[in-house]
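Take a look at the structure below.
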Amino acid sequence: MAVANDLPKPEFRLSALIYDTRYRAITIQVIVLILALLFAAWLMENVRSNLALKGKDIDFSFLWRRAGYDIGQHLIPYTNDSPHIRAAFVGLINTMVVAVVASILSTILGVFLGVLRLSKNWIVSRLVGVYVEMFRNVPLLLWIILTSAIFSESRPQPKDFKVIDGVAKADMSFWNSVAITNRSSNVPMPVLDRPLPTIDTPWFSISTSLVAIAVLLGASIWANRLLLRRATAIQQATGLRPTTWWQSTAILIVPTLAALIAMGFHLDYPVFKGFNFQGGLSFDHAFTSLTISLTLYYAAVTAEIVRSGIQAISRGQSEAAFALGLRPGRVMSLIILPQALRVIIPPMISQWLSLTKDTSLGIAVSYLDLRGTLGGITLNQTGRELECMVLMMMIYLIISLIISAIANAYNSSVKLKER
Amino acid sequence: MQFTRTEMLPPQPPPVSQSGAVKWVRENLFSGPLNTILTLLSILVVYYLLNLSLPWLLHGVWNASSLTECRTIIAANFGPDAGGGCWAMIHARWYQWIFGFYPPEVYWRPILNFGLLFVAMAPILFSDNLRGSVKLVGTVAVLTIIALTLAQGPWWVFALCSALMLASVAVALLAPRYLLVATVLYPFATVWLLWGGSIWGPVTAMLGFVVLVLVYRPLSPRLGVVMATSLAVVAAAIWWGVLDSYVAAALEQVVSLSIQPVESDKFGGFLLAFLIGVSSISISLPIGILLALGRQSDMFLIKTLSVAFIEFVRGVPLITMLFTASLLLQYFLPPQVQFDLILRVIILVTLFSAAYNAEVIRGGLAALPKGQYEAADALGMDYWQAQRLIIMPQALKVSIPGIVSTFIGLFKDTTLVSFVGLQDPLRGITTIVRADINWKGIYWEPYIFVGVIFFAACYGMSRYSLYLERKLHTDHR
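Top to bottom, those sequences are chains P and U. Start counting the first sequence at 22; every next residue gets the next number (my numbering). Start counting the second sequence at 246; every next residue gets the next number (my numbering).
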C-alpha cells in the first residue's frame with residue numbers, strides 16, 4: 022500500500038516573503054500600507070507648509086460668524102445676520118429640494134415616455150425617440166442655460182402686468198391666478214386662516230397643522246387599506262367583490278377635507294402691487310429652470326432605462342399574458358412592469374444619485390444650493406478654501422452614500438429571491 | 246356538363262383598407278381610440294414646434310457683420326415683425342468655438358493633431374476589422390487634408406502633414422499592426438503639437454517609458470510582476486524627476502528643433518473639450534483597470550483603498566472636483582511646484598473618470614464566468630498572466646460600450662470647466678462672443694450651434710457604442 026506522505030512543511034525564510042504566494046500577499050499589503058501612509062504624510066506636510074506660507078491655519082470657527090448675505094429661497098428662517106453654518110444648512114435644504122422634486126418628476130415623466138417609446142404608434146414612438154436622443158446627447162448645462170433664457174428673455178417684466186387705464190401689457194395666465202414674469206413665477210399659495218399653533222425650535226419651526234394633516238392622511242390611507250383587505254377577503258370567500266370605490270373615495274378625501282375646512286383653508290392669489298407681485302407663492306427662476314431642465318434631461322435618461330428594462334422581459338411573458346386574454350394595458354401593469362422593475366431599479370438608483378450631484382450645476386443660474394452658499398459665497402467671503410471644500414465634499418459624499426444605502430436596501434427587498 | 250373553371254382567375258388586389266399606406270396608417274396610427282388621440286396630440290405638438298421654430302430658422306441670415314445688420318436684413322425681407330436667426334455670427338466667429346484663442350497661423354497643429362487622434366485610435370476601435378480601420382483612416386486623412394488647405398500655413402507644412410496622413414493610410418492598408426506605433430507615439434506628439442516648444446521635452450519624457458521597460462524586462466522573471474514594476478517605476482521616476490530636463494536641454498543645445506510655443510490660456514472651444522475629454526479618458530483607463538482589480542482583490546487593504554477611492558469620487562459632483570483643481574490642488578503639492586490650470590483640471594478629471602471606468606470594468610469582470618478564472622488557475626498561470634492573457638481581453642471587450650458611454654458623459658461634462666475660468670465652447674466662448682459690441686444681445690444662435698455640434702459628436706459615439714454592443718453580442722440567441 023502506497024503511503025502518501027505530506028511534504029515536509031518548508032521552514033520560513035526571508036525570501037518566502039517575495040516568492041511564496043502565501044506570504045507575498047502580506048508583503049504587498051505592508052508595502053502598500055507604508056506607501057499609502059508616506060503619501061498621506063507627504064500630502065499633509067505639503068498642506069502644512071503651504072498654509073504656513075500663506076499665513077493661514079485650519080479653523081472651522083468661521084462657521085459661527087455672521088454670514089452677511091441674503092438667500093432668496095430659504096425654507097427655514099434665515100437672515101443675513103445668521104451664521105455661515107446656517108447659510109450652509111439653507112443651501113443643503115435647497116439642494117435637497119431640487120433633487121427630490123426633480124427626481125420624482127423625472128421618474129414619472131421618464132416611465133411614461135419609456136412606455137410610449139415602445140408604443141406601436143409610429144409617430145408617438147418616433148417623437149419620443151427624438152426627444153430622448155435630443156436631451157441625452159447635449160450637455161445638461163446647455164438645457165439649464167436655455168431654460169433659464171426662455172424665462173428671462175421671453176417673459177414680460179413685472180411692471181408690464183401693471184394695469185394702466187384698464188389695460189395691462191401682459192396678462193396673468195390660468196384665470197388670473199399665475200403670473201410668470203422674467204424674474205419669478207408667482208402661483209397661488211394655500212393658506213390656513215385658523216392654523217394650529219407652531220412649535221418653534223432654534224433651527225426650524227414645525228407647523229402642527231401640517232403634521233395633523235399628514236397624520237390624518239396617513240390614517241385615511243391605512244383605513245382604506247383595511248377596507249380593501251376586507252373586500253378581498255369577501256371576494257375570496259364568496260367569489261363576489263363588494264363595490265368599494267365610493268367608500269374608499271370617502272375615506273380618503275372626507276377627513277382631510279373636513280380638517281382643511283375647519284382650519285380655514287383658502288388660496289392666496291398673487292396680486293400686482295407697487296413694483297412687483299405681492300402675496301401668493303413666488304418661485305425664483307433659478308429654482309424653476311434648474312428643476313425643469315433636470316427633470317427633462319433625466320426623464321430622457323429614465324425613458325431609456327425603462328425601455329431597455331421592458332425589452333429585457335422575454336416576449337414569452339407578454340405572449341402568455343395575451344393568451345390568457347388580458348388586455349394590453351393590464352399586460353403592461355400586471356405582467357411586464359413588475360418584472361421589468363427589477364431590471365430597472367439598479368440603474369435608476371444611479372440616475373437619482375447623479376441627479377442629486379448634478380443639482381450643483383445650479384451655479385449656472387446662480388441657484389444658492391450647498392455649492393452656492395458653503396462652496397460659493399461663504400468660501401469667497403472667508404477665504405477658507407480648504408475647510409469649505411472639504412466640508413462640502415463630505416456633505417455631498419454623505420448624501421450620496423445615504424441615497425445609495427436606502428436604494429440598495431429597497432433593491433434587495435424587491436430582488437428576485439433565488440434559491 | 247362540366248361547371249369546373251378551367252383557367253385561373255387573375256389575383257385581385259387586396260382591399261384598399263388592407264394594403265399599402267392606408268393599412269399602415271390604420272394599424273400604426275389609428276388602431277384604437279387611445280392611439281388616435283395620441284396620434285392627433287403628437288401631430289399637434291409637431292405642428293406647434295414647427296410653427297414656432299421653422300419661420301425663425303428659415304428667416305436666418307448668414308451674411309452680415311453685426312446683429313443690427315442682421316435685424317435690418319430680416320425686417321427688409323420678411324416684414325418688421327418677423328424674427329429670424331442671425332447665423333452670420335457663426336459665420337464670423339466659428340473658429341473661436343473650435344480653437345479658442347489659439348493663434349490662427351498655427352491652426353494646422355490642432356487640425357493635424359485631431360486627424361492623428363483617429364489614426365491612433367483606429368487599431369483600438371477596429372481591432373479585428375481591417376476594412377473598418379482602413380475606411381476610418383482614409384476618411385480622416387481626406388478630411389484632415391481638406392481642413393489643412395482651409396487653414397493658413399506655409400506650403401511645406403501642408404505638404405508634410407498631407408504626406409504624414411497619406412503615410413498612415415498606407416500603413417493601415419499594408420501593415421495595420423504598425424498603426425499601434427502611432428497609438429504609442431500619439432500622446433507625446435499631442436503635447437508637442439498643441440503646446441509647441443522644443444521637441445526634446447516630449448522625446449525625453451518618452452524615453453522615461455523606455456527606461457521603465459528596460460528595467461522591467463530583466464527583473465520581472467526574477468522578482469515577480471509587482472516588485473519589478475515598482476522598481477521600474479522608481480527608475481523611470483528618477484529619470485523624469487532628475488535627468489529628464491538636463492538631457493532635454495542638452496539635446497536642444499545640440500539640435501534645436503522647436504516650433505512656436507502656445508500658452509495654455511490660449512486654448513479654448515472644442516479643442517479644449519476634446520483635449521480634456523480624450524486625455525482624461527485614455528489616462529484613466531489603466532488606472533480604472535487597476536482600481537477594478539483592486540476592488541476584486543483578496544487583499545483586504547488593497548480592496549479597502551480601492552473601494553474608498555471609487556466611492557469617494559463617485560459620491561461628489563464633478564464640479565467640486567473642478568473647484569478642487571482650481572482652488573485646492575495647489576495646497577497638496579509642494580510650494581515650488583506650479584501646474585497650469587488645464588493640467589490640474591486634466592488630473593482631477595482623470596481621477597474622476599478613473600473611478601467611473603473602474604465600475605464599468607468591474608461590471609465586465611463580473612460578467613465573466615467563474616470557469617475562466619479557474620481554467621487559468623488550472624493551467625498554472627500566475628495572477629498577472631491570467632489577467633493579461635485570459636481575463637482582461639474578455640472583460641475589456643465586454644466593457645467597451647460602457648467605456649464609450651462614460652466618455653460621452655465626460656465629453657458633455659467638459660463644459661463645466663467654464664466655472665473654473667477655462668474657455669469651454671458652451672459658456673466660455675459664448676460669453677466672450679456675446680460681449681462683442683457687434684453681437685451684443687444675441688442669445689439662441691450660439692447655444693444652438695454648440696448644441697448641434699455636441700449632439701453630432703455624442704450621437705455618433707453612442708451609435709458606435711450600439712454597433713459594438715451588437716458586434717460583441719456573440720452568444721447564441
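Think of the CB as a built atom: it goes at the ideal place given N, C-alpha and C, for glycine as much as any other residue. This one's a predicted model, so the numbers in the text were calculated from it and none came from an experiment.
Rounded separation between residue i and residue j - CA only
i, j, result
"Ser-241 of chain P", "Ile-648 of chain U", "49 Å"
"Asp-627 of chain U", "Phe-81 of chain P", "51 Å"
"Arg-672 of chain U", "Ile-587 of chain U", "17 Å"
"Met-334 of chain U", "Pro-179 of chain P", "31 Å"
"Leu-162 of chain P", "Arg-69 of chain P", "37 Å"
"Arg-679 of chain U", "Val-594 of chain U", "28 Å"
"Phe-172 of chain P", "Ala-320 of chain P", "21 Å"
"Ala-701 of chain U", "Ser-226 of chain P", "51 Å"
"Leu-345 of chain P", "Ser-329 of chain P", "25 Å"
"Arg-169 of chain P", "Ser-387 of chain P", "A small correction: the amino acid at residue 169 of chain P is Ser; Arg does not occupy that position in the sequence shown. Spanning the two alpha carbons is a distance of roughly 11 Å."
"Gly-328 of chain U", "Arg-204 of chain P", "24 Å"
"Arg-722 of chain U", "Pro-278 of chain U", "With a pLDDT of only 43 at Arg-722 of chain U, under the threshold of 50, the placement of this residue in the model should not be trusted, and no figure is reported."
"Leu-347 of chain P", "Ile-357 of chain P", "12 Å"
"Met-451 of chain U", "Ser-524 of chain U", "16 Å"
"Leu-395 of chain U", "Tyr-352 of chain U", "10 Å"
"Lys-548 of chain U", "Ser-542 of chain U", "6 Å"
"Ala-244 of chain P", "Pro-263 of chain P", "16 Å"
"Tyr-347 of chain U", "Val-662 of chain U", "18 Å"
"Leu-62 of chain P", "Ile-114 of chain P", "It should be pointed out that residue 62 of chain P corresponds to Ala in this sequence rather than to Leu. Between Ala-62 of chain P and Ile-114 of chain P, the C-alpha separation is close to 36 Å."
"Ser-509 of chain U", "Gly-93 of chain P", "38 Å"
8 Å CB neighbourhood of residue i in its chain, flanking five on each side removed
i, result
"Asp-78 of chain P", "Leu-72"
"His-336 of chain U", "Trp-307 and Asn-308"
"Val-153 of chain P", "Leu-134, Arg-138, Ala-321, Ala-324 and Glu-325"
Integer-rounded CB distance, given that residue j should sit under 8 Å from residue i
i, j, result
"Thr-323 of chain P", "Val-132 of chain P", "7 Å"
"Met-410 of chain U", "Gly-360 of chain U", "6 Å"
"Met-210 of chain P", "Asp-289 of chain P", "5 Å"
"Leu-237 of chain P", "Pro-276 of chain P", "5 Å"
"Ala-603 of chain U", "Arg-540 of chain U", "7 Å"
"Thr-651 of chain U", "Tyr-601 of chain U", "5 Å"
"Ile-384 of chain P", "Phe-664 of chain U", "6 Å"
Close-in-space but distant-in-sequence residues of the same chain around residue i (CB under 6 Å, 5 per side omitted)
i, result
"Val-425 of chain U", "According to the sequence displayed, residue 425 of chain U carries Leu and not Val. Within the same chain, Leu-425 of chain U has close Cβ partners Pro-368."
"Val-119 of chain P", "Leu-311, Thr-312 and Thr-380"
"Phe-33 of chain P", "none"
"Val-382 of chain U", "Val-364, Ala-367, Ser-413, Val-414 and Ala-417"
"Met-566 of chain U", "Leu-593 and Phe-597"
"Ala-428 of chain P", "Ile-370"
Spatial neighbours of residue i in its chain, beta-carbon cut-off 7 Å, leaving aside the 5 residues before and after
i, result
"Thr-515 of chain U", "As written in the sequence, residue 515 of chain U is Phe, which differs from the Thr given in the question. Closer than 7 Å at Cβ, skipping near neighbours: Trp-342, Ile-343, Pro-670 and Ile-698."
"Ile-83 of chain P", "Reading the sequence as shown, one finds Phe at residue 83 of chain P and not Ile. Here the set comprises His-105, Thr-403 and Arg-405."
Quiz item: At a Cβ cut of 8 Å, what residues of the segment 542-553 of chain U count as close to chain B, listed as they run along the chain?
Solution: Of the protein chains in this structure, namely P and U, none is chain B.
Quiz prompt | Segment contact, 8 Å Cβ cut-off, at least three pairs: the segment 73-89 of chain P with the segment 328-341 of chain P | solution = no
Quiz item: Any contact of the segment 552-559 of chain U with the segment 483-501 of chain U, i.e. 3+ C-beta pairs under 8 Å?
Solution: no
Self-check item: Contact between the segment 258-276 of chain U and the segment 397-413 of chain P (3+ Cβ pairs under 8 Å)
Solution: no
Quiz prompt | Against chain P: residues of the segment 475-488 of chain U by CB proximity under 9 Å | solution = Ser-475
Exercise. Taking 8 Å as the threshold, find out whether the segment 617-635 of chain U comes into contact with the segment 570-583 of chain U through three or more Cβ pairs.
Key: no
Quiz prompt | Interface positions of the segment 117-144 of chain P facing chain U (Cβ-Cβ less than 9 Å), listed along the chain | solution = Leu-137, Ser-140, Lys-141, Asn-142, Trp-143 and Ile-144
Quiz prompt | Residues in the segment 574-591 of chain U having any Cβ partner in chain P nearer than 8 Å | solution = Gln-575, Tyr-576, Phe-577, Leu-578, Pro-579 and Pro-580
Exercise. With 8 Å as the limit, tell me which residues of the segment 668-680 of chain U have their beta carbon closer than that to any beta carbon of chain P; keep them in chain order.
Key: Leu-671 and Arg-672
Practice problem: Say whether the segment 315-322 of chain P touches the segment 114-130 of chain P, bearing in mind that this needs 3 or more beta-carbon pairs closer than 8 Å, one atom from each stretch. | Solution: yes
Quiz item: Residues in the segment 158-173 of chain P with C-beta within 8 Å of chain U's C-beta atoms, listed in sequence order?
Solution: Asn-158, Val-159, Pro-160, Leu-161, Leu-162, Leu-163, Ile-166, Leu-167 and Ala-170
Quiz item: Which of the residues in the segment 406-431 of chain P, read from start to end, lie with their CB under 7 Å from any CB of chain U?
Solution: Glu-406, Leu-407, Met-410, Met-413, Met-414, Tyr-417, Leu-418, Ser-421 and Leu-422
Exercise. Compile a chain-ordered list of the residues in the segment 638-659 of chain U whose CB is closer than 8 Å to at least one CB of chain P.
Key: Ile-653, Lys-657 and Asp-658
Quiz item: Going along the segment 63-94 of chain P in order, which residues come within less than 8 Å of chain U, judged by CB to CB distance?
Solution: Leu-64, Asn-67, Val-68, Ser-70, Asn-71, Leu-72 and Leu-74
Self-check item: Selection of the segment 40-62 of chain P by Cβ proximity to chain U, strictly under 7 Å
Solution: Ala-46, Ile-49, Gln-50, Val-53, Leu-54 and Ala-57
Quiz item: Relative to chain P, which residues along the segment 554-570 of chain U have a C-beta separation below 8 Å, given in chain order?
Solution: Glu-556, Phe-557, Arg-559, Gly-560, Val-561, Pro-562, Leu-563, Ile-564, Thr-565, Phe-568 and Thr-569
Exercise. Check each residue of the segment 325-347 of chain P: if its Cβ is closer than 8 Å to any Cβ of chain U, include it; give the result in chain order.
Key: none
Quiz prompt | Where the segment 376-392 of chain P meets chain U: residues whose CB sits under 9 Å from a CB there | solution = Thr-377, Lys-378, Asp-379, Thr-380, Ser-381, Leu-382, Ile-384, Ala-385 and Arg-392
Exercise. Taking a Cβ distance cut-off of 7 Å, strictly less, list which residues of the segment 348-371 of chain P are near chain U, in chain order.
Key: none
Exercise. Taking only beta carbons into account, state which residues of the segment 445-475 of chain U come closer than 9 Å to chain P, listed in chain order.
Key: Leu-468, Gly-469, Val-471, Met-472 and Ser-475
Quiz item: Are at least three pairs of beta-carbons, each pair with one atom in the segment 369-376 of chain P and one in the segment 387-397 of chain P, less than 8 Å apart?
Solution: no
Exercise. Would you list, in chain order, the members of the segment 276-288 of chain U that have their beta-carbon closer than 8 Å to a beta-carbon of chain P?
Key: Ser-276, Asn-280, Leu-283, Thr-284, Ser-287 and Ile-288
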